[in-house]
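Just so you know, our numbering puts 48 at position 51 of the sequence shown, and the rest follows in order with no gaps.
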Amino acid sequence: GVYFSGDPASPDTLGKFYADVQMFTNGPDNPDPQNYLGGWICTREEPGDNISRAANNWLGNNNERWCSEEYDALFHQLSQATDPAERAQVAMQLNDMLAQNYVNLPLVFRGSVSAYANSLGGIQMNGWDTEEWNIKDWYRIK
């Protein structure tokens, strides 16, 4: 693939895409949004090292190349917080910053439909993982 290719020599990949607006689908992969919200920090260890660019072999996670010291500081607060209520509050503030600065404009959530046999028990669907996330708890109903 061109756009989502893993070839670092290709000029047409997601990390090297220079445009005013990009459209692609992503989202949190679990109920705790820290990993997802970390995609917009500018600095992990050295200034700007999370920005996707040639200097770091296009390895930065911040493809939008948006930097905010305030966002980075608030994200650090999230990474240190252990109280679930505080984490939720800080995560909402980070999300608001992304929306208010037009960094991430959610348009649609692509829902999915799942089904399972009436003879299967222990199924617990959730919006954050695959249907098989708790397969160890499944059992046959006799």
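Ideal Cβ placement from N, Cα and C applies to all residues, glycine included.
It should be emphasised that the depicted structure is a prediction, and the values quoted were computed from it without experimental measurement.
Name the DSSP bridge partner or partners of residue 137? BP columns for residue 137 point to 117.
Check residue 132 in the structure and name its three-state DSSP category. Three-state DSSP puts residue 132 in a helix.
Is residue 115 buried or exposed, if buried means 16 or more other CB atoms sit within 10 Å of its CB? Under the 10 Å beta carbon count, residue 115 is surrounded by fewer than 16 other beta carbons and is classified as exposed.
Using the three-state DSSP reduction, which class does residue 59 fall into: helix, strand or coil? Reduced to three states, the DSSP call for residue 59 is strand.
Report the rounded CA-to-CA distance for residue 76 versus residue 31, giving the unit in angstroms. If I take the Cα positions, the gap works out to 7 Å.
C-alpha gap between residue 136 and residue 127, whole angstroms: Distance from the CA of residue 136 to the CA of residue 127, rounded to the nearest whole angstrom, comes to 18 Å.
If you check the beta carbons only, do residue 38 and residue 69 fall under 8 Å apart? With respect to the 8 Å criterion, residue 38 and residue 69 are classified as neighbours on the basis of their beta carbons.
Going straight from the alpha carbon of residue 74 to that of residue 104, what length do you get? Using only the alpha carbons, I get a separation of about 28 Å.
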